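Take any residue in the sequence shown, note its place counting from 1, add 5, and you have its number in our numbering. Note that the Cβ used here is the ideal one computed from N, Cα and C, for glycine as well. Nothing here was measured: the structure is a model prediction, and the numbers come from that model. To start, the structure itself, in C-alpha cells.
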Amino acid sequence: MFFGKPIDINKSFIINYAPIFSHLKRSEKNLILRNSKAAHYKKGDLIYKQGDPPDVFYCVISGRVKISRLKDSREEVLEFLTCGMYFGIISLLTTKVHSVNAEAVNDSLILRIKKDDFDFILRRVPGLAIDLSRTLSQQIRSKDYGRGPLKSNIISIYSAIKGIGRTMYAVNLAISLRKETSKRVIFLEISQSGKEVLKILNTEDIGELIDLEHSALQKDMINKFIIKNQDIDIDFLNISHNPQAETSSEQISSLLALLTNDYQYIIVDLPVQRGEFVFRALTQSDTIYIITDYDINNLKATRELMGDLFKNVDYPQEKIRVILNAKKESSKITYGEIVKLIDHDVFANIPAFWQAADRIDETSLKVVLTQSDSEYARAIRRIAREIGGVLVGLALGSGAAFGLAHIGVIKVLEREKIPIDVVAGTSIGALIGALWASGKSGIEIENIMMGYNKNKGKVFRLLFDFCLPKTSLAKGKRVTKFLRRYLSNKTFHDIKLPLKVVACNLDKREKVIFDSGNLVDAVRSSLAIPGIFKPTKSNGDLIIDGGILEPVPVEALTKAGIKKIIAVNVLPSPQDMQEGYKDYKYYLEKKKADIQKLNFIVRIIYNLRFLFRKVFFPNIFDIMVNSILTMEHVMAKEDCRKANVVIHPVVAGANWFEFFRTEALIKKGELKTDKALPQIKTLIGQ
C-alpha cells in the first residue's frame with residue numbers, strides 16, 4: 006500500500022496528487038494513465054546521465070531523486086526532487102540531450118511517459134502543454150533548478166548490542182540538529198514497545214504506535230501518529246517493529262521517503278536485531294552511525310556487525326561512521342588497536358557522561374540542553390554542526406612570539422561562549438592550538454606562557470640550544486621537552502577538539518596537514534623555522550615550519566568543509582613595522598636624553614648596553630626570521646581573504662623573539678577580538 010492505495014494504482018495516485026496533473030479533467034487523467042508506466046529504481050540507480058538523448062518524461066511517485074551536473078570535473082548538486090515533482094521536461098521539449106544527471110537517492114518509484122506517448126498527450130491536452138511551456142520558459146530564463154539543493158538527511162543510529170549509549174546519542178543528536186540548524190527534525194523510535202523515549206522524556210501524550218505491517222501509509226494518517234514535543238522542539242514517530250514481518254521491511258523505504266517531504270533531518274534509532282527490515286532502513290540512509298565503546302567484546306561484536314553490514318547493504322564505507330562512546334571506564338586499548346580490531350576508522354570519540362552505569366534517564370537524553378557545557382554535549386553539538394554544514398573553524402597563524410596574541414583571542418572566545426568546532430594552526434599557532442585542543446583553557450595556557458613574562462634568560466634558554474650549523478643553528482630539543490611537558494604522549498585521537506597542524510615537506514615542496522598520530526611530533530614539525538630549528542623527518546622527508554607555505558591555515562579548514570572561518574593573523578604589516586620603528590627611535594632618543602641626566606657610572610653602563618646591541622643586533626637569527634616573516638606577511642594577507650572574520654592583533658615595536666612580552670601580546674589579542682565580536686556573533690548566527 007502507498008498513501009492508502011494499492012501498489013498497482015500508484016500511477017492513479019500521482020496523477021491526482023502532482024500539481025502538474027491534479028487540475029486536469031478525469032478523461033485527461035485517464036489518458037495519462039493509459040500512456041504511462043511506473044518504474045522502480047534502487048538507491049544509487051542512474052535514471053539518466055548528462056548527454057543522454059531525451060526520450061522520457063519523469064515524475065516522482067515515491068523516493069527521492071538527485072539532479073546534478075559535472076562542473077570542473079566535480080559534481081554540483083542542483084536539486085533534490087520528492088513526491089509529485091517532475092523532471093526531464095526541458096530536454097524533452099527542446100529535443101536537446103540531457104544537461105544534467107538524475108539519480109535515485111532512495112529506492113524510488115517513478116512515473117515514466119515515453120516521448121511519443123508524451124507528444125500524443127500534449128496534442129490531446131493543450132492545457133497541460135501550456136503549463137509545461139510556461140515552466141520551461143521560467144527555467145530557461147533563470148537557468149535555475151527549483152529552490153536549490155534542499156536536501157533531507159536520513160540518519161540511522163545502530164549498534165551491535167544494547168546498553169552502550171545508542172539511544173542517548175540518537176536523541177541528543179536530534180536535539181542538537183534542531184538547535185544548531187533550525188531545520189525540522191523527526192525522531193523515529195523503532196522497537197516492539199516503541200514508546201520508551203517519550204516515556205523517559207515525560208511527554209504527556211505519547212500517542213499510538215504505527216504498525217507498518219498493517220498500516221496504509223497515507224500522509225494524513227501518518228500525521229496523526231506524529232507527536233510534537235514542545236520541550237525539545239522535535240517531532241517523534243513511534244514504530245512497532247515485528248522482526249518476523251516481511252511487509253514492514255518493504256514499507257520502511259516508503260515511510261522514510263515520505264518523511265523527506267516534510268523534514269530536513271530524520272533520525273532513525275534502529276533496534277539491535279539484524280534482519281531485512283534493519284538492512285532496508287540502513288540502505289535508505291544518507292549516513293549510518295555505529296555506536297560502540299572500549300570494551301573488547303563489544304568491539305569484536307561491532308566488527309562482526311560491520312561484516313554483516315558490508316555483506317547485506319550496498320553502501321559506501323565512508324558514509325558509515327563509527328562513534329566510540331567512553332561511557333564506561335576506558336581500557337588500556339589504544340586507538341590503533343581499536344581501528345585494527347573493528348577494521349574501520351573511528352569517526353569520533355564521545356566523552357563519558359553517565360550518571361548511572363547502564364540506565365537512561367531524562368537528564369541523559371537531554372544532555373545538550375541541561376548540561377550544555379559538558380564535554381559530551383560539546384562533542385554531540387560538533388557532530389550536529391558538521392551534519393548541518395555550519396561548523397566554525399579557527400585558523401591560528403604563524404609569527405613566533407607575535408603568536409602569543411592567540412591566547413588572548415582564545416580567552417575572549419571562551420568568555421563569550423563562541424563555539425569553535427575545528428582548529429587549524431601553523432607554527433606558533435599550532436603550539437597554542439594544540440594546547441587548547443588538548444583541553445587546556447585560555448587562562449591555563451596564559452599561565453604557562455606567563456612563566457616567561459619579563460624573563461629574557463628563560464626565553465633564550467628555551468629557544469637557543471645551539472648546535473653545529475649543519476641544518477640549523479638550534480637543535481630544538483628544549484622546545485620538544487617543553488611540548489612533552491604539556492602535551493605528554495597525546496595523539497590527535499586523545500584531544501578534545503579536532504586539530505589540523507600545518508607543516509611543509511621541504512623535499513617535495515608541498516604542504517603537509519597533520520591530523521593523526523603523535524601530537525608533539527606534529528607541532529614540533531610545524532615549529533621548525535628554517536635555519537633556526539632542526540627540521541624533523543616524516544617517511545624520510547624533511548619537514549619544516551608550515552608558515553613557509555600557509556602562514557594562516559585557512560585553506561586547511563576550507564578543504565575540510567568548514568564554511569565559517571575566523572582567521573587570526575599575528576604577522577605585522579609594513580605599516581605596523583614602520584610605526585614600531587618610529588616608536589623605537591623615539592624611545593631611544595628619549596632614553597639617551599634621560600641618561601645624560603644620570604651620574605657618570607650609570608651613563609657608562611647604559612652606553613655599554615647600546616654598544617652591545619649595535620654589535621649583536623641585527624644578528625643572523627634576526628635577519629633569517631624577519632626575512633621569512635616579511636615573505637609570510639604577503640601570503641598571510643592572501644590566506645585571510647578566504648576567511649569570514651579576520652583578527653589582526655599586533656603590538657607595535659614587538660620583535661619575533663620577545664616571548665618575554667607575554668602580557669602585552671596576550672592583551673592585544675583580547676582587545677582585537679573584543680572589537681571583532683559583533684562580526685563573529687553575526688557569523689555564528691547565520
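Are residue i and residue j close, meaning C-beta to C-beta below 8 Å?
| i | j | result |
| --- | --- | --- |
| residue 304 | residue 297 | yes |
| residue 463 | residue 380 | no |
| residue 654 | residue 414 | yes |
| residue 723 | residue 340 | Beyond the ends of the chain as shown, which are 6 and 691, falls residue 723; an answer cannot be given. |
| residue 117 | residue 34 | no |
| residue 5 | residue 110 | The shown model of the chain, from 6 to 691, leaves out residue 5, and the question about it has no answer. |
| residue 571 | residue 388 | no |
| residue 398 | residue 506 | no |
| residue 497 | residue 520 | yes |
| residue 285 | residue 257 | yes |
| residue 161 | residue 293 | yes |
For residue i and residue j, what's the separation of their Cα atoms in angstroms?
| i | j | result |
| --- | --- | --- |
| residue 243 | residue 80 | 37 Å |
| residue 274 | residue 425 | 28 Å |
| residue 690 | residue 187 | 11 Å |
| residue 104 | residue 393 | 29 Å |
| residue 550 | residue 530 | 6 Å |
| residue 56 | residue 271 | 34 Å |
| residue 638 | residue 576 | 6 Å |
| residue 432 | residue 386 | 29 Å |
| residue 32 | residue 48 | 34 Å |
| residue 534 | residue 504 | 21 Å |
| residue 662 | residue 454 | 14 Å |
| residue 366 | residue 435 | 40 Å |
| residue 151 | residue 94 | Unreliable positioning characterises residue 151 in this predicted model, as indicated by a pLDDT of 45, which lies under 50. The coordinate reading is nonetheless provided below. Cα to Cα, the separation comes out at about 13 Å. |
| residue 5 | residue 167 | Nothing can be reported for residue 5: it is not among the residues displayed for the chain, which extend from 6 to 691. |
| residue 87 | residue 239 | 22 Å |
| residue 659 | residue 407 | 8 Å |
| residue 371 | residue 190 | 15 Å |
| residue 315 | residue 566 | 27 Å |
| residue 490 | residue 163 | 40 Å |
| residue 678 | residue 495 | 29 Å |
| residue 557 | residue 176 | 37 Å |
| residue 547 | residue 641 | 23 Å |
| residue 562 | residue 526 | 21 Å |
| residue 539 | residue 234 | 60 Å |
| residue 694 | residue 119 | No information on residue 694 is available, as it lies outside the stretch 6 to 691 that the chain covers here. |
| residue 153 | residue 83 | Confidence is the limiting factor: at residue 153 the pLDDT is only 47, short of 50, which leaves the residue's position unreliable and the question unanswerable from this model. |
| residue 205 | residue 369 | 10 Å |
| residue 344 | residue 173 | 23 Å |
DSSP has residue i in a bridge; who is on the other side?
| i | result |
| --- | --- |
| residue 292 | 160 |
| residue 572 | 400 and 651 |
| residue 547 | 542 |
| residue 508 | 517 and 550 |
| residue 685 | None, per the DSSP bridge assignment. |
| residue 241 | 192 and 232 |
| residue 431 | 507 |
| residue 50 | Bridge partners of residue 50: none, in fact. |
| residue 91 | 64 |
| residue 119 | 61 |
| residue 317 | None; residue 317 has no bridge partner. |
Alpha carbons only, please: which of the options is nearest the one belonging to residue i?
| i | options | result |
| --- | --- | --- |
| residue 348 | 313, 356, 366 and 33 | 313 |
| residue 124 | 310, 59 and 402 | 59 |
| residue 247 | 231, 451, 106 and 276 | 276 |
| residue 197 | 633, 526 and 282 | 282 |
| residue 2 | 343, 323 and 383 | Given a span of 6 to 691 for the chain in the structure shown, any question on residue 2 remains unanswerable. |
| residue 580 | 456, 375, 635 and 445 | 635 |
| residue 131 | 52, 26, 54 and 174 | 26 |
| residue 112 | 291, 509, 192 and 687 | 291 |
Can you give me the start and stop residues for the beta strand (DSSP E) that residue i sits inside?
| i | result |
| --- | --- |
| residue 46 | 42-46 |
| residue 63 | 61-67 |
| residue 72 | 70-76 |
| residue 84 | 79-86 |
| residue 3 | Since the first residue shown for the chain is 6 and the last is 691, residue 3 is missing from the structure and cannot be characterised. |
| residue 604 | It is not in any beta strand (DSSP E) - residue 604 carries neither H nor E in the DSSP assignment. |
Let me check you understand the geometry: is the CB of residue i closer than 7 Å to at least one non-hydrogen atom of the ligand MN?
| i | result |
| --- | --- |
| residue 226 | Ligands are entirely absent from the displayed structure, and the ligand MN is therefore not among its contents. |
In terms of residue numbering, what span does the alpha helix (DSSP H) encompassing residue i cover?
| i | result |
| --- | --- |
| residue 1 | This structure cannot settle anything about residue 1, because the visible part of the chain is limited to 6 through 691. |
| residue 488 | 482-492 |
| residue 561 | 559-563 |
| residue 18 | 15-22 |
Taking 8 Å as the CB-CB limit, is residue i close to chain B?
| i | result |
| --- | --- |
| residue 282 | Annotation note: the requested chain B is absent from the structure, which comprises a single protein chain. |
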